[in-house]
Structures are given as C-alpha cells and as structure tokens.
C-alpha cells in the first residue's frame with residue numbers, strides 16, 4: 001500500500017497561491033497596531049495576492065508574539081523576530097530578501113501610512129514603474145500634518161540636499177512608504193547599508209541607472225499608538241548617509257555620524273567656555289577643562305542616542321561606557337597633539353599639521369570607542 005501523504009502535500013502546495021506582493025513592516029513596540037494594520041491591508045488589497053512580513057527587533061512589548069498569534073490563523077502574515085540586531089534599514093533589507101514575491105512594499109506599522117493607495121502603487125509597478133513612492137508633499141491629497149515641526153524641517157532640508165547633491169527629482173526622499181520590484185533590491189544588496197533609517201534614499205542612490213519613479217500623494221495620519229522610530233536626530237543621520245553616498249561608500253555612515261556629533265560637540269565646547277569664563281569667572285585653564293569635560297559628555301550622550309543607537313547603553317553600562325569614552329577621548333587628544341606637533345616640526349604649516357592631527361584624533365576616537373565603549 002502506498003501512502004497518500006506526499007500526494008496530499010503536493011496537492012496543497014499546488015492549490016496555494018503565491019503572493020504577488022510582499023509588504024515589509026519593521027516593528028518596535030507596535031503591539032497595539034499590528035492587528036489593525038492587518039485588518040486594513042485585507043480591506044485595501046482586494047484581489048491582489050499579498051503577504052505581510054513583520055520584522056521585529058525583539059520589542060520589549062513583545063510585538064512579535066502578537067504577530068505570531070495572528071499568523072497562526074492567517075498564512076499571509078509572517079514574522080521575522082530579530083535578536084541582537086537593531087535598525088529600520090536592516091530590518092527592511094532582511095524582510096525584502098526573505099520574500100519570494102516579485103513586488104515588495106515597505107511601510108510603517110504605526111498606521112500613519114495610508115494603506116488605501118497600495119493598489120495604485122501596485123498598478124504603477126505593473127505598468128512599468130521601477131519605484132513608486134507614497135509622498136506627503138505632492139498632489140492635492142498630500143498632507144504632512146502628522147509630522148512634528150522638527151521632522152517637517154528635517155524633511156524639507158533632506159529633500160533640498162538630495163536634489164542638489166544626488167540629483168534626485170523626488171518630492172519626499174525621506175519617505176518610508178514605497179514599492180518596487182524585488183529584483184531592483186537584489187541587484188544592489190551589497191551596496192545597501194543596514195544602519196539607520198533612510199532605506200529609500202539608499203536604494204535610489206545605490207542604483208547605477210535612473211529609476212522610472214512614480215509618486216502617489218497620500219494623507220499622512222497622526223500616530224495611533226506605540227512609539228516613533230524616528231526623532232529629531234534622524235536629520236543628522238540622513239546627512240551621514242548623504243555624505244557616505246557622495247564618497248562612493250568609502251566613508252562608513254557610522255564614522256560620518258561620529259564626525260557630525262563631534263562637530264556639535266565643538267559648539268557645545270565653545271558655548272561652555274564662554275559661560276564658564278564670563279558667567280562664573282573661571283580662569284581660562286579651568287574654563288577650558290570644564291568645557292572639554294562637558295563636550296565629551298555631550299558627544300557620548302549623542303553618540304549613544306544616534307551613532308550607536310543599535311548598541312545603545314543603558315543603566316550601569318551607560319556609566320561604564322561614559323568612563324571608557326572619557327579615557328578614549330583623552331588618548332585621542334594625545335594622538336592628535338602628538339601627530340600635529342611631529343608634522344609641524346617637519347613641515348611648519350599650521351593648517352596642515354592641525355588638520356592632520358584632528359583627523360588622526362577623530363579616527364582614533366572612533367575606532368577605540370567602537371571597540372571599547374560600544375563593542376558588540
């Protein structure tokens with residue numbers, strides 16, 4: 001007697017419908033939103049064969065458990081539960097590469113993106129578009145009222161910089177709501193950065209040919225529940241990605257973010273120096289020491305929040321990390337001054353020697369703090 005189990009399995013596989021569209025949704029503390037998002041996708045997508053892949057970065061609110069519970073009764077819902085990995089861009093890339101659907105979309109779980117335009121986006125892809133962007137800034141239906149004033153300013157700045165330096169003719173390069181053929185991502189996977197939030201800009205800037213792009217306006221809603229994955233620091237992160245792309249990927253995004261934070265630290269140093277000397281009457285050496293200590297603390301806090309957000313230190317690790325960062329910066333100062341002095345003795349050019357010392361100090365601080373303060 002022959003078993004019918006294999007034949008039954010084959011029949012089930014043949015009868016199943018492969019998804020035409022995969023929607024990638026990165027999540028972090030979105031437990032209250034995922035069920036509602038699945039319901040809305042079901043209403044919006046109609047006859048399109050779709051699946052949704054939630055990529056969760058081990059949310060403290062255990063979002064992944066809610067997703068898995070939904071998936072147990074709906075085969076269109078999948079969950080990737082990431083342990084020890086953080087970052088929206090990395091989550092999006094991982095979700096896209098896990099899909100077998102010919103078309104992929106990326107959207108947030110916070111319900112601010114309007115899922116009702118997904119059929120229009122999908123139709124544009126089927127009509128030959130290489131990339132379809134849901135935009136908050138173009139067309140009669142567009143609205144960005146869900147953005148805070150700081151994020152609105154950051155978005156405007158990002159759009160202007162993208163147009164000027166990367167020649168991107170899109171109204172919303174910081175959009176987190178877009179769709180494209182999966183093969184477009186497959187072709188540039190090795191060029192994409194898994195750090196940060198600006199996956200759309202990374203995809204556009206990493207594609208060697210000009211993409212046929214369609215923008216579809218939508219109403220950007222207010223957040224319903226959960227916590228935002230973006231904040232006012234994301235503009236600085238965007239600048240880091242922009243500079244990395246302009247360097248042809250030679251300079252890592254994290255290093256550029258480290259430099260941007262260091263630039264803000266110079267401003268903090270000078271401001272503290274003025275306050276210490278004029279408001280508190282400290283001598284210059286005392287004021288300089290105070291300003292240096294404050295600037296190092298500022299740089300540590302900002303780097304912990306932004307540059308190394310995927311390795312963010314908390315509790316006792318935060319205090320230990322600050323201590324090691326002070327030690328690293330002290331050694332970096334010696335490297336800076338020592339190298340600059342040696343160069344000046346051999347080539348008495350103050351600007352060249354000073355700049356070389358500063359670069360060496362910055363590289364040392366970045367390498368040492370990555371290895372000691374924010375080591376994996």
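Residue numbers (UniProt numbering): 1 to 376. Built from N, CA and C at the ideal position, the CB exists for glycine as well.
Pairing residue 291 with residue 322, the inter-Cα distance amounts to about 16 Å. Looking at 94, 181, 99 and 157, the one whose alpha-carbon comes closest to that of residue 123 is 181. Listed in chain order, the alpha helix (DSSP H) runs fully inside the segment 290-366 are 316-346, counting runs of at least 4 residues. Between the C-alpha atoms of residue 338 and residue 331 there is a straight-line separation of about 10 Å. Of all C-beta pairs linking the segment 190-205 to the segment 251-258, three or more are shorter than 8 Å, placing the two stretches in contact. Residue 95 sits in a helix when the DSSP states are folded into three classes. Non-local beta-carbon contacts of residue 63 in its own chain, meaning distances under 7 Å to residues more than five positions away in sequence, involve 27, 29, 30, 31, 34 and 56 in chain order. In the DSSP assignment, the residues bridged to residue 53 are 24 and 78. The continuous alpha helix (DSSP H) containing residue 121 extends over residues 118-126.
DSSP lists 216 as the beta-bridge partner residues of residue 134.
Around the beta-carbon of residue 342, fewer than 16 other beta-carbon atoms lie within 10 Å, marking it exposed.
Contact check between the segment 35-55 and the segment 72-91: three or more CB pairs, one atom from each, fall below 8 Å, which counts as touching. DSSP places residue 272 in the uninterrupted alpha helix (DSSP H) bounded by 253-274.
Contact check for residue 362 against residue 340 fails: the beta carbons are separated by 8 Å or more. Setting aside the 5 residues that flank it on each side, residue 302 is surrounded in the same chain by 261, each with a C-beta closer than 6 Å to its C-beta; the list follows chain order. For residue 105, the uninterrupted beta strand (DSSP E) run begins and ends at 103-106, by DSSP. Of 120, 249 and 271, the smallest CA-CA separation from residue 205 is found for 249.
Nearest to residue 372 by C-alpha distance, out of 328, 349 and 89, is 328.
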